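Chemist: In our numbering, the protein residues as written are 24 to 429.
For glycine and all other residues, C-beta sits at the position ideal for the given N, C-alpha and C.
Small disclaimer: the values here were computed from a predicted structure and weren't measured.
For reference, the structure I am asking about is given below.
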Amino acid sequence: MNSKNRKHHAARCVDALIAQSAAMRTAHRKKYWRLIRVIRSQTRLLSAEQHGGFLAPVNAQAVIAACKRMARRSFAWNRHPEDWGVPAGSPLVQLRSLVHHLFDQYPVPEFLTAAWWDENEAAWELDLYLHLAQGRSVRQFPNPLFQSMTKKMGAFYMQSPDDLSPFAALNWARVRALGGDERLARILISRTPLCYPLQDQRFWDSVFRFLIQNQPISVDEIVEIVHFVNQQRFEPAEKVWWKGTGPYPLQPDFSLKGRSLMSLRRHMVHWKADLIEKGVMPPPEVDPLDFPWQRSEIGEFQCELEGQIWSIEEVLTPRQLQIESKIMKHCVETYLNECVRRQTTIWSMKVKAGQRRRRQLTIEVLPGKKEIFEARGKNNSKPSSTVRKVLNSWAHQEHLTFNETV
24 MNSKNRKHHA ARCVDALIAQ SAAMRTAHRK KYWRLIRVIR SQTRLLSAEQ
74 HGGFLAPVNA QAVIAACKRM ARRSFAWNRH PEDWGVPAGS PLVQLRSLVH
124 HLFDQYPVPE FLTAAWWDEN EAAWELDLYL HLAQGRSVRQ FPNPLFQSMT
174 KKMGAFYMQS PDDLSPFAAL NWARVRALGG DERLARILIS RTPLCYPLQD
224 QRFWDSVFRF LIQNQPISVD EIVEIVHFVN QQRFEPAEKV WWKGTGPYPL
274 QPDFSLKGRS LMSLRRHMVH WKADLIEKGV MPPPEVDPLD FPWQRSEIGE
324 FQCELEGQIW SIEEVLTPRQ LQIESKIMKH CVETYLNECV RRQTTIWSMK
374 VKAGQRRRRQ LTIEVLPGKK EIFEARGKNN SKPSSTVRKV LNSWAHQEHL
424 TFNETV
């Protein structure tokens, strides 16, 4: 295909994408075509040269996406697109200018304009743009991400660098408001997971303060610290340790409180040995699936009833929990994290007839309250009268109470 044919093909692709993107409500579609006509008559933003995917800050696909979003929010237009004065400059400068022309009653930071054409549309980012364009405070924006924003953080947010995403700018502003410099803020949002939504913002604030207080730290060490903290507190143990250690974090209560930079460095080197020593994780020669958690103070049970031997035993390893879940056909294996942390205990009732022992009931007991919280048979069935009698005998022996739902 020669250059002329390639150019013609690219132009046809742009035309097809424009037509395809016009599928919307009639009122919006009219506004969309107005934008397309203005852009085509006054700029080269929709020329074939601008076609080619979301590889550049602005290209034909990005312009079409912006037109579609701006048309759907034409209720917020303050000026007609036909009155737009096109500035000299790059496609990015021109598209930003069109956004400001249509919506701004008050100046809006440049970094927020990308929300109109970003490949991954986020409605809250567009709503934030319109909120600020009306002259309202960023701290008054009705979104959970902005609820804890301080006055200082709000000021830094409005001054965020033009190349940041609206979300990355939140962490930029948070680090700057806590006293971090531009270097630290840039490292955190460009080299670590902190450019994405965070779990437990209060905890991450403590991490930011730790890093700020211990500056200067090399770029590589800052990145290493953040990744280590994220792994220990939030990522599945199976991913961080080895297969079989479960889907829950190794140290969900991990904290930097009381740690110095030197003590953290030591822990980052010796953390596996530290967790083995504390009994949190198994030594290398023990399969994680067979590593038991701490036994409950509640006693086990055995009795003879109707010529059969009944027993109630605590489930103490991940493998036992998986087997119980598989045989009884319910979801008790998902209680692994609660069992490890001793927030709950799981018990298995079995009956022996001849040489065989068959599971009859899975029981959840809250150790702090000594309360039988749940008791289910196979496929989550309710216990039979005989099974209930055995359960009552155990409860009497161990002074356990029943939750009203059991």
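Whole angstroms is fine: what's the gap from Leu-78's alpha carbon to Glu-142's?
Modeler: For Leu-78, the pLDDT reaches just 35, beneath the cut-off of 50, and the residue's location in the model is therefore unreliable, although a value from the coordinates is still provided. Approximately 10 Å, taken between the alpha carbons.
Chemist: Can you give me the Cβ contacts of Glu-247 inside the same chain, cut-off strictly under 8 Å, excluding the 5 residues immediately before and after it?
Modeler: Excluding five sequence positions before and after Glu-247, the CB atoms of its chain that fall closer than 8 Å to its own CB belong to Met-291, given in chain order.
Chemist: Measuring alpha carbon to alpha carbon, tell me which of Val-355, Leu-193, Leu-287 ends up nearest Glu-244.
Modeler: Leu-287
Chemist: Just verifying my parser: in three-state terms, what is the DSSP assignment at Glu-22?
Modeler: Lying before the first or after the last residue shown, residue 22 is absent from the chain, which here runs from 24 to 429.
Chemist: Decide if Thr-215 is buried, meaning its Cβ has at least 16 other Cβ atoms within 10 Å, or exposed.
Modeler: buried
Chemist: Cutting at 6 Å between CB atoms, please list the residues of its own chain near Ala-99, excluding the five before and the five after it.
Modeler: Phe-126, Leu-153
Chemist: Let me check understanding here. Comparing Cα to Cα, which of Ile-240, Ala-88, Asn-237, Ser-171 lies closest to Ala-137?
Modeler: Ala-88
Chemist: Of all the beta strand (DSSP E) runs that stay within the bounds of the region 264 to 344, which reach a length of 3 or more residues?
Modeler: You should have 324 to 328, 331 to 337.
Chemist: Based on the DSSP output, what are the partners of Ala-436 in its beta bridges?
Modeler: With the chain covering only 24 through 429, there is no way to say anything about residue 436.
Chemist: Which runs of the alpha helix (DSSP H) fall wholly inside the region 171 to 245 and span at least 4 residues, in chain order?
Modeler: 174 to 181, 189 to 200, 205 to 214, 224 to 236
Chemist: For Trp-370, which residues in the same chain have their Cβ closer than 7 Å to its Cβ, ignoring the five residues on either side in sequence?
Modeler: Ile-335, Glu-336, Glu-337, Val-338, Ile-386, Val-388
Chemist: With 8 Å as the threshold, decide whether the Cβ of Gly-158 is near any Cβ in chain D.
Modeler: Within the model displayed, chain D is absent; a lone protein chain is all it includes.
Chemist: Quick one: what does DSSP say Ser-70 is sitting in, helix, strand or coil?
Modeler: DSSP places Ser-70 in coil when its eight states are reduced to three.
Chemist: How about the region 171 to 184 and the region 193 to 205: do they share at least three Cβ pairs that are nearer than 8 Å?
Modeler: yes
Chemist: Exposed or buried, Phe-231, counting other C-beta atoms within 10 Å across all chains shown (16 or more means buried)?
Modeler: buried
Chemist: Thinking C-beta only, is Arg-92 closer than 8 Å to Glu-144?
Modeler: yes
Chemist: Counting C-beta neighbours from all protein chains within 10 Å, is the total for Cys-362 16 or more, i.e. buried, or is it exposed?
Modeler: buried
Chemist: Which first and last residues belong to the alpha helix (DSSP H) in which Arg-92 is found?
Modeler: 83 to 95
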